[in-house]
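Residue numbers for the sequence shown follow the UniProt record's numbering, beginning at 1 and rising by one. First comes the structure, then the notes that go with it.
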Amino acid sequence: MNTKISSTVQRAIKIINYLNETTGPQGIKNISESLNISPPITHRLLTTLKMDGLVFQDADSKKYSLGTVFLDYANKIITDVPFVSLIDPQLIKLRDETEETVGFYMLTNMIRMCVIEHVSNQEISRRAGVGNRIPLQIGSSGRVILAFLCEGLQAQVLNLLPEEERKVLQQQLEVIVNTHYSINEEEITKNVAALSAPVFGAKGKVIGAISISGPVFRWHKESMEQHISLLLKTAESISNSLY
Numbered sequence: 001m002n003t004k005i006s007s008t009v010q011r012a013i014k015i016i017n018y019l020n021e022t023t024g025p026q027g028i029k030n031i032s033e034s035l036n037i038s039p040p041i042t043h044r045l046l047t048t049l050k051m052d053g054l055v056f057q058d059a060d061s062k063k064y065s066l067g068t069v070f071l072d073y074a075n076k077i078i079t080d081v082p083f084v085s086l087i088d089p090q091l092i093k094l095r096d097e098t099e100e101t102v103g104f105y106m107l108t109n110m111i112r113m114c115v116i117e118h119v120s121n122q123e124i125s126r127r128a129g130v131g132n133r134i135p136l137q138i139g140s141s142g143r144v145i146l147a148f149l150c151e152g153l154q155a156q157v158l159n160l161l162p163e164e165e166r167k168v169l170q171q172q173l174e175v176i177v178n179t180h181y182s183i184n185e186e187e188i189t190k191n192v193a194a195l196s197a198p199v200f201g202a203k204g205k206v207i208g209a210i211s212i213s214g215p216v217f218r219w220h221k222e223s224m225e226q227h228i229s230l231l232l233k234t235a236e237s238i239s240n241s242l243y
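Quick look at the structure:
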């Protein structure tokens, strides 16, 4: 009986993870085939998850996506992160001084997730969204985290990339280790640029990154370079408070 219950829970978790990792709503057929779970069982599990608000089913397409209850979970996790109260004032100050959006990304399961974001007060601004998850090899905040991971963890990311892409990224990481910052222009989102620096926690291990982002017509390479020193000082101050 316990084995059966455990199997059911594992399948339900697989479905939730699948909906989290794929783009857009998914139909029963896609979910069933991707996870190698029979359609009847997939349907039954989705029905149960739907009843508890863990998944949402579109009335027209009949496809499924994660339920809004996960927003509550995310807010709870972020609120309970013990060091938020320590770093939040400094992030707000950085946002006010640069007049651009400032976000804090945490390393989690070999990706980075936006856990704090203070959006620019300017009329045209950049918003990544709290809870947004992006691979480490993409974007400036991901690279500054990746650059300071141990070789074994770095390899988990690098070995998945094509050879040429891996070589380019390795060269970028070597530069970041020396400069402690990274810049990207329109790499992830069109017309958006970002400047990022790593944040270190206990024993000097990288735990995340601070990123300043904005529209490229205003937050371009020249304007970002003018704020590198400020970003590095803020990142160092936050890191020191977490030691």
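The beta-carbon is built from N, C-alpha and C at its ideal position, and this holds for glycine as well.
Let me know the secondary structure DSSP gives residue i once reduced to three states.
i, result
"residue 185", "strand"
"residue 64", "strand"
"residue 156", "helix"
"residue 100", "coil"
"residue 43", "helix"
"residue 224", "helix"
"residue 1", "Unreliable placement is indicated for residue 1, whose pLDDT of 44 sits below 50; no coordinate value is reported for it."
"residue 105", "strand"
"residue 116", "strand"
"residue 38", "coil"
"residue 201", "coil"
"residue 216", "coil"
"residue 209", "strand"
"residue 59", "coil"
I think residue i touches residue j, with their Cβ atoms under 8 Å apart; what is that distance to the nearest whole Å?
i, j, result
"residue 66", "residue 84", "Wrong, their Cβ atoms sit about 24 Å apart, outside the cutoff."
"residue 208", "residue 94", "Actually they do not touch by this definition, with Cβ atoms about 14 Å apart."
"residue 197", "residue 180", "6 Å"
"residue 136", "residue 157", "5 Å"
"residue 49", "residue 92", "Not confirmed; about 37 Å, so no contact."
"residue 149", "residue 206", "6 Å"
"residue 231", "residue 195", "6 Å"
Given a threshold of 16 other Cβ atoms within 10 Å of its Cβ, counted over all protein chains shown, does residue i qualify as buried or as exposed?
i, result
"residue 177", "exposed"
"residue 1", "Caution applies to residue 1, whose pLDDT of 44 falls short of 50 and renders its modelled position unreliable; the model cannot decide the point."
"residue 234", "buried"
"residue 214", "buried"
"residue 199", "buried"
"residue 225", "exposed"
"residue 98", "buried"
Can you check whether the CB of residue j is closer than 7 Å to the CB of residue i?
i, j, result
"residue 141", "residue 211", "yes"
"residue 144", "residue 120", "no"
"residue 216", "residue 191", "yes"
"residue 114", "residue 130", "yes"
"residue 64", "residue 46", "yes"
"residue 111", "residue 127", "no"
"residue 152", "residue 188", "no"
"residue 241", "residue 86", "yes"
"residue 43", "residue 31", "no"
"residue 238", "residue 90", "yes"
"residue 219", "residue 117", "no"
"residue 147", "residue 173", "yes"
"residue 25", "residue 60", "no"
Does the beta carbon of residue i fall short of 6 Å from some heavy atom of the ligand SAH?
i, result
"residue 184", "For the structure depicted, the ligand SAH is absent and the ligand set is empty, with no information on it obtainable."
Ranges of the beta strand (DSSP E) found wholly within the segment 120-168, counting only runs of at least 3: Along the segment 120-168, the beta strand (DSSP E) occurs as fully enclosed runs of 3 or more residues at 133-135, listed in sequence order.
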